[in-house]
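6 protein chains.
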Amino acid sequence: MKEKFINAIGAGEFVKDIFVLTEKSLAQKRDGKNFLNVILSDKTGDLKGVVWDNVDDIVEHITSGDFVYVEGSVNEYKGALQIVVKKTEVRSADSVDPGDYLPETGRDIEKMFERLLSIAATLKSIHLKALFEAFWKDEEFVRKFKTAPAAKKMHHAYLGGLLEHTLSMVSLADKIAGHYTGISRELLIAGTILHDIGKIREFDYTYKIDYSDEGRLLNHIVIGVQMIDEKIKKIENFPEEQALLLKHLVVSHHGFREFGSPEPPKTIEAVLLNYIDEIDSKVNGIREFMASEEPGSGWTSYHKIFGRHFYKGKELKQTSQE
Amino acid sequence: MKEKFINAIGAGEFVKDIFVLTEKSLAQKRDGKNFLNVILSDKTGDLKGVVWDNVDDIVEHITSGDFVYVEGSVNEYKGALQIVVKKTEVRSADSVDPGDYLPETGRDIEKMFERLLSIAATLKSIHLKALFEAFWKDEEFVRKFKTAPAAKKMHHAYLGGLLEHTLSMVSLADKIAGHYTGISRELLIAGTILHDIGKIREFDYTYKIDYSDEGRLLNHIVIGVQMIDEKIKKIENFPEEQALLLKHLVVSHHGFREFGSPEPPKTIEAVLLNYIDEIDSKVNGIREFMASEEPGSGWTSYHKIFGRHFYKGKELKQTSQE
Amino acid sequence: MKEKFINAIGAGEFVKDIFVLTEKSLAQKRDGKNFLNVILSDKTGDLKGVVWDNVDDIVEHITSGDFVYVEGSVNEYKGALQIVVKKTEVRSADSVDPGDYLPETGRDIEKMFERLLSIAATLKSIHLKALFEAFWKDEEFVRKFKTAPAAKKMHHAYLGGLLEHTLSMVSLADKIAGHYTGISRELLIAGTILHDIGKIREFDYTYKIDYSDEGRLLNHIVIGVQMIDEKIKKIENFPEEQALLLKHLVVSHHGFREFGSPEPPKTIEAVLLNYIDEIDSKVNGIREFMASEEPGSGWTSYHKIFGRHFYKGKELKQTSQE
Amino acid sequence: MKEKFINAIGAGEFVKDIFVLTEKSLAQKRDGKNFLNVILSDKTGDLKGVVWDNVDDIVEHITSGDFVYVEGSVNEYKGALQIVVKKTEVRSADSVDPGDYLPETGRDIEKMFERLLSIAATLKSIHLKALFEAFWKDEEFVRKFKTAPAAKKMHHAYLGGLLEHTLSMVSLADKIAGHYTGISRELLIAGTILHDIGKIREFDYTYKIDYSDEGRLLNHIVIGVQMIDEKIKKIENFPEEQALLLKHLVVSHHGFREFGSPEPPKTIEAVLLNYIDEIDSKVNGIREFMASEEPGSGWTSYHKIFGRHFYKGKELKQTSQE
Amino acid sequence: MKEKFINAIGAGEFVKDIFVLTEKSLAQKRDGKNFLNVILSDKTGDLKGVVWDNVDDIVEHITSGDFVYVEGSVNEYKGALQIVVKKTEVRSADSVDPGDYLPETGRDIEKMFERLLSIAATLKSIHLKALFEAFWKDEEFVRKFKTAPAAKKMHHAYLGGLLEHTLSMVSLADKIAGHYTGISRELLIAGTILHDIGKIREFDYTYKIDYSDEGRLLNHIVIGVQMIDEKIKKIENFPEEQALLLKHLVVSHHGFREFGSPEPPKTIEAVLLNYIDEIDSKVNGIREFMASEEPGSGWTSYHKIFGRHFYKGKELKQTSQE
Amino acid sequence: MKEKFINAIGAGEFVKDIFVLTEKSLAQKRDGKNFLNVILSDKTGDLKGVVWDNVDDIVEHITSGDFVYVEGSVNEYKGALQIVVKKTEVRSADSVDPGDYLPETGRDIEKMFERLLSIAATLKSIHLKALFEAFWKDEEFVRKFKTAPAAKKMHHAYLGGLLEHTLSMVSLADKIAGHYTGISRELLIAGTILHDIGKIREFDYTYKIDYSDEGRLLNHIVIGVQMIDEKIKKIENFPEEQALLLKHLVVSHHGFREFGSPEPPKTIEAVLLNYIDEIDSKVNGIREFMASEEPGSGWTSYHKIFGRHFYKGKELKQTSQE
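What follows is the structure, given as structure tokens:
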């Protein structure tokens, strides 16, 4: 377990703690001897460091992404903190709490998952039931589905974010499916649960949240369709039309080709799924953006992706000024 | 009351009925005498006609948009029906049922309006209460708000469509406001009710649904803000911030400048209103498009605005083939 | 075999021939009796027809897309030819030459396929070899791959068009791979062969060339990745990186998200594949457009998709004027 | 009155002068005691400062935007000047010359306003005359109209900029209205004077030029229409068509929806107003950009909004090199 | 000289007049004999015709674009007028008045040209003077410059349109150059005169207004620069900077790359020229569009390029209804 | 000849070498005396410097772009190297090797040029032969054509880059011209050789690679057409159509108006030229981008223009980690 997080460390301290090694690069001193620049990280930030001794040994045994027990003294260098590393030992990923190293949802993952299961259990189609049974029995899938983030930045960009986003959307989908007549609740709920499952492979989230090779090369939409295809192939007599419509929900859920969907939504369920996704990711994204801003102004700073400032309101402003 | 609608009239009949005169234009016979080409309409379609006699009198007394009692015989001319008009009398708009001449919502307007009133009545802010009181007391507003269409084409393009669209959105807004914490239900419900009120002046819908001069020159967003501004000015101490945020919901409800909003949504309530509007207009628009298409195919024809075919499904196709 | 193609039939003839029934729709005569409007087609065009007798029997036994032996007399009706159908018999698809009913490549399909096999045989990677072996052994795949069109309109929009387009691209790819150093010829050739295989399911091309349900709902890019995924799963130890890069070629071959690729090309091979596809489809598309235009002008008519007139040249113009 | 402007202050000086407090934020020393970071500004720039003593008192009594008499010594800290504030006293806005704190037009505001009045006085329509009378009698309107900037950045971004921009445009409009026949000079001149009046509320310009809450939430186009609507409502028998066309000039003056106009120009006067606005803002914007650039090059640096370098010319280059 | 224009010809007349032969195409009668479909045109419209006799002779001697004296009788065929041509004789272009066959400016070409010369004569730069002298001495240039249209459609699409457009712009440029300080009137006036000269080769306008091969392949901007380059090369010591800036006015006058300018305006003169061009072409285009519309409505029909209806006004509407 | 390149210079050295003076700017010391900030460059980078003595003399005699022999001592200032210049002497451009000061192609310029000549020599058209003869005889053209870069950034942005890019494209064009029937190899090869010749004037590349005034004001497409026009004018009976088609290849080679081509490609040769240009510039650009990136990651950093990361591959990553 972590003793102290990076954002609490000050100059002058001697640190003994486990970090993730985010980057390392070899450099040369004027005298020709090698030394190592490293970046150590936990969920609260990054700490630059140097290693003067024992460099070759470390280069050989420690890889970016490793959890490393480090001992060293912290000082200020060029206006920033720097740790002079004295000792390093690789630790297994099992021996640490990933939540110490990556931001994590504030909600209870197991409870969210149970809630999702209970909604999935209300589906009546025997084929959809069989499909979800296949997913829930797939332990690796479940493990990753519970921890994956929903994005690298922008919204739900933390461990458990995918599950949190999916559950919120399923709950919205249920409400909206009931509002209009003629909507297939079965299809909409099933598609909502599965729409982003490709993200469990689109991202790496062992020690930092970033795109995986597969994510960058194939996109979670394509990965997700493959994952569904694989499971459906093993279910006898899965109706072809139902399979197509379910995959279509995944394929079209970004709404437009410009946003990565090879085809736009062509059923009302697909149109709804796209808007439900938009609503949930925008609401979460704007809130997190507002929360990340310093108080004291009625407006957020300019949000580059959304292209605007958001209004936080008069009251907030007054509070922060008194 | 109408005897027979245009889509039921056949060649060889002698017609005595009230139509709306949609167009008239003077033309000249080879012998130099004037005659009149007219288009008579009701909610089921248009009927071309000619008037050979008494032309000057008609030109003087009948204007496009008038309800006209017509007698005449119907024949076929160049492959289409044509009525040779023998007699015409202008009738007052009061003496006819507008629903005979323009498409109308299939739902009960009074019940929808009562339902809207009851939701508006749940608002707690005394200023918002006062604002709605002012609107509901404005008889001309209420009369128009109950009959206005929500669009010329695309969605809810029929009398009562604005009310139907608004009520559906308010109900959705209520559900979504409850889904997320930190949403101002007051603001979202009030803004949803008012977001499109400018449409009661943006459209003409006495005898055909089309843009009014004011609609084309100012846009319903600008008209709506003026209408709210006028009412708010008469309410004492209406809080300035609340007024701004309410108007902002109207100003931004199209989501992007490209779609006519001078500013994009800058509060979460405004973001939500935009999506709720999108959902309700798209769902209604796609359904009406599907319903307007001939059965017998699994797909609709190409929808030019949406840029795609929509899937109607296998079962429909099979039905139509058997 | 066809006796006479539709573009050669004239008014006054009595026809006994096999057509594909492209459309049928029931209508009612003034006396209340049913009759049938039909459209009969072959590769040279469409022929409208009516069936007055025996209608119920035909409605029951003949479906759109059937090949039908028809007897009837041809006359002119409202300025177009019309066949009054006297007799109809369904014929099996085996008993006709599909090339009589749909436009077909002018080149020899078997020779093109052999040529493609021989190029595929030059690949050295044992895993790619195994992959292509799996495809070539899949008889249904091969049958469809040989007959599928490459598009509904625009380019190679005829039976065998996919193979013709693929082979031309592979040959170009081979030349370009040799032009630059550091290109993986293995990957580029393999990806070029497979890039459009999803089209064998994206289109229906039994009796008319149109999008299939699967094509409209999933897009050939997504279908193609699933097809490759299915084959690769059965090959032992197929290297993960090679599989990703191969699928990436399919995923990105439209170059931009706007054109349907969920991810843009991120390797030089993918960049090249996109351009090779662009070149071959544009050159074929422009040539077919030029060929479809009436001679006698130095310019084609306006091409709506490309947004321009194409120059056919002075000499052509002179020829056509003399 | 200012003793010395910020751009003339050097390290080592002891300053006694009035600044505007642009920002203040509380921070904590290592020993746990509060101190205050402040930014003091005048029209020539910003000066960072710290307050070590009496912090709570200042926090309570001084707000961002206040004019503050400050005493303190200036030193260099991390490569920039910093004032160590010893004494602070709030001063009333009346006691300072706003032109000392914000950039101001170089032209005589009163003369410009008189010139505008004299042009407005040439209008012949009694209703337009009544409308302008109403505006000129509105003292708060006149006061703000004389001082408002025309923009935050880009063009005429200084006190009096709105008036300068409006007057220049009115003069251009007069010339262009005379060039073409059939233009309503009345409408064009009136619309030009009023097109940007919403900016007097869109911006805050008491101590810094920035968007107001109302500006960001409603946009000056919507604000301007409300302002005109309010005045017109009080004029008897203001012709409806004239009112619509005048408001349309305001609504459409940005030319395209993408640029914030809910409707594009639909009369020739509106088309002209849009171009006159474009010309005057572009010419002013480019000139100010050129003037803000260091001499010595024939080209400006890259202008991000306009997406290009501007040519300043050979002669300039030579001059600056000698 | 024309006896009677096409829009005045009625069925039953026997015509003896000169037309331009816009199109001819050979067809075959059922009996295998050739006949000729022709289109005859003058500035008021087109008249379809057939030639039954002497076909081979006509095919050999008459070419599209020829002026042809025709005798024939006019009847109605399929709802349109058709002339059965009995006699044809080619006439030389000199023997006809081109203004009878193509729409022409309503203004006096010679007076417009003199006015332009007099403005050009106010330029002071000896090099610009020499340049214009070279152009005015180039008889072919002058002849074409006086007759060329400014466009195929949209604005000034008639003989003399280029001159009319240029003169109007020069006059506007003179006014605007005087409005701002620091504008080079020399450069702006010279550039305005020359900005569209490439159009004298971009269009064919001998018997119909259409793009020339050169126009479609090179664009009038590139043609215009070549024309200026050719003249400048022959002027001794023409200052390089002046030549570049003058050509830049031509190159950039469409304002954006999307509109065909390889570079956007980079001097204030170029920015102004672009707006002056926009104003004059829009005002002319909108007016001609309004004039081409039937009276009787306050609005024009939808203008596809401009994407809107234009307001013609209440009064017009009333007039046309009475 | 250079003694030592900038990237090899360290603090503490005393330098005696020739650099290009990229920038100089006069500044004032606190005591009021002038000093000079300079930037010295060679192909490996920039070195900041100060001159304390003899400033006026240097200002008068040395201009940006001059080659200057410098003596001075190098130290560290604010974390970067700085040379304190003691002595300066201007050197003539002839006395230095330009390749020392600007990046240069790694390939043999003379050999590349010979190869290009030999391909041009295969053309059969006597007029094209005459045209190239005219270009090859133009010594200034040849000298610049051999040294010009193909771009400022992005691809082939080094001396000789234009020739390298052109030769690579010509070789590709030859292959592709042979792949399709009906392509004019003559036109395609000639157009490919000439498509970018305007770049020899679009860029300055004497001491740094940047746009020239002419390049920024006219664009290389317009410059190139003028250059061809000038040569063609001197060739007797150069066929007009051939000249137009050749210029069209230059005009349209950027493919779309948005990318600077006043007209899009309207012949198949022009379509091909555009793609060949795209392929060669993209392949070169991506490779150079990959090469400029630090090893050690499977992906490049984000490429802003291309809007993506590029995949460098697993193997690279492993190599760099061991």
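Read top to bottom, the protein sequences are chains A, B, C, D, E and F. For the first sequence, our numbering assigns the number 3 to the initial residue and increments by one for each residue that follows. For the second sequence, our numbering assigns the number 3 to the initial residue and increments by one for each residue that follows. For the third sequence, our numbering assigns the number 3 to the initial residue and increments by one for each residue that follows. For the fourth sequence, our numbering assigns the number 3 to the initial residue and increments by one for each residue that follows. For the fifth sequence, our numbering assigns the number 3 to the initial residue and increments by one for each residue that follows. For the sixth sequence, our numbering assigns the number 3 to the initial residue and increments by one for each residue that follows. Just so you know, even glycine gets a beta-carbon here, dropped at the ideal spot from N, CA and C. Owing to the predicted nature of the structure, the values given are computational and were not obtained by experimental measurement.
Item                                                                                                                                                                             : Value
Since His250/F meets chain E, which of its residues come closer than 7 Å, beta carbon to beta carbon?                                                                            : Leu219, Leu220
With H, G and I counted as helix, E and B as strand and the rest as coil, what does DSSP make of Lys306/F?                                                                       : coil
Take every Cβ of the region 215-225 of chain F, pair it with every Cβ of the region 196-207 of chain F, and state whether three or more of those distances are shorter than 8 Å. : yes
For Gly184/A, which residues of its own chain have a beta-carbon under 8 Å away from its beta-carbon, when the five flanking residues on both sides are left out?                : Ile270
Regarding Asp215/E and the ligand GTP, is the C-beta to nearest heavy atom distance less than 8 Å?                                                                               : The ligand GTP is not part of the structure shown, which contains no ligands of any sort.
Could you tell me which residues DSSP puts in a beta bridge with Asp44/F?                                                                                                        : Gly47/F
Can you name the start and end residues of the beta strand (DSSP E) that Ile20/E belongs to?                                                                                     : 16-30
Spatial neighbours of Ile288/B within its chain, please: C-beta separation below 7 Å, excluding the five flanking residues on both sides.                                        : Phe312
Tell me, to the nearest whole angstrom, how far the beta carbon of Val92/F is from that of Asp59/F; I am working on the premise that it is less than 8 Å.                        : Wrong, their Cβ atoms sit about 11 Å apart, outside the cutoff.
Restricting to Cα atoms, I'd like to know which of Lys113/E, Thr302/E, Phe240/E, Lys6/E is closest to Leu133/E.                                                                  : Phe240/E
If contact means a Cβ-Cβ distance below 8 Å, which residues of the region 246-270 of chain D contact chain F?                                                                    : none
Starting from Lys177/F, find everything on chain C with Cβ-Cβ shorter than 9 Å and list it in chain order.                                                                       : Leu174, Lys177, Ile178, Gly180, His181
Going along the chain, which residues of the region 206-217 of chain F sit with their C-beta nearer than 8 Å to a C-beta in chain A?                                             : none
Do His256/B and Asp282/B have their beta-carbon atoms positioned less than 9 Å apart in this structure?                                                                          : no
Give me the Cα-Cα distance between Ser186/B and Asp96/D, rounded to the nearest whole angstrom.                                                                                  : 40 Å
Using a Cβ-Cβ cutoff of less than 6 Å, which residues in the same chain neighbour Leu119/F once the five nearest sequence positions on both sides are dropped?                   : none
Give me the Cβ distance between Val57/C and Ile20/C, rounded to the nearest whole Å; I'm assuming they're in contact under 8 Å.                                                  : 21 Å between Cβ atoms; not a contact.
At a CB-CB cut-off below 7 Å, which residues of chain C make contact with Val227/F?                                                                                              : None at all; the shortest Cβ gap to chain C is about 17 Å.
Could you spell out where the beta strand (DSSP E) holding Phe69/B opens and where it closes?                                                                                    : 69-79
Quick one: Cα of Leu273/A to Cα of Thr168/C, how far?                                                                                                                            : The question names Leu, but residue 273/A is Val in the sequence shown. Going from the Cα of Val273/A to the Cα of Thr168/C covers about 35 Å.
Taking only three categories from DSSP, how would you classify Met3/F?                                                                                                           : coil
Measuring straight from C-alpha to C-alpha, what distance separates Met114/E and Lys148/E?                                                                                       : 9 Å
If you follow the beta strand (DSSP E) that Glu91/F is part of, which residue opens it and which one closes it?                                                                  : 82-93
By Cβ distance, which residues of its chain are closer than 6 Å to Glu324/A, with the 5 residues on each side in sequence left out?                                              : Annotation note: pLDDT 29 at Glu324/A (below 50); position unreliable, no value reported.
Between the Cα of Ser173/F and the Cα atoms of Phe143/C, Ala179/C, Gly226/C, which residue gives the shortest distance?                                                          : Ala179/C
What number of angstroms, rounded off, separates the C-alpha of Tyr277/F from the C-alpha of Val227/F?                                                                           : 20 Å
Looking at the secondary structure, which residues open and close the alpha helix (DSSP H) in which Asp279/B lies?                                                               : 270-294
Please report the straight-line C-alpha distance between Gly200/E and Met229/E, rounded to a whole angstrom.                                                                     : 7 Å
Do three or more CB pairs link the region 259-269 of chain D to the region 250-267 of chain B at distances below 8 Å?                                                            : yes
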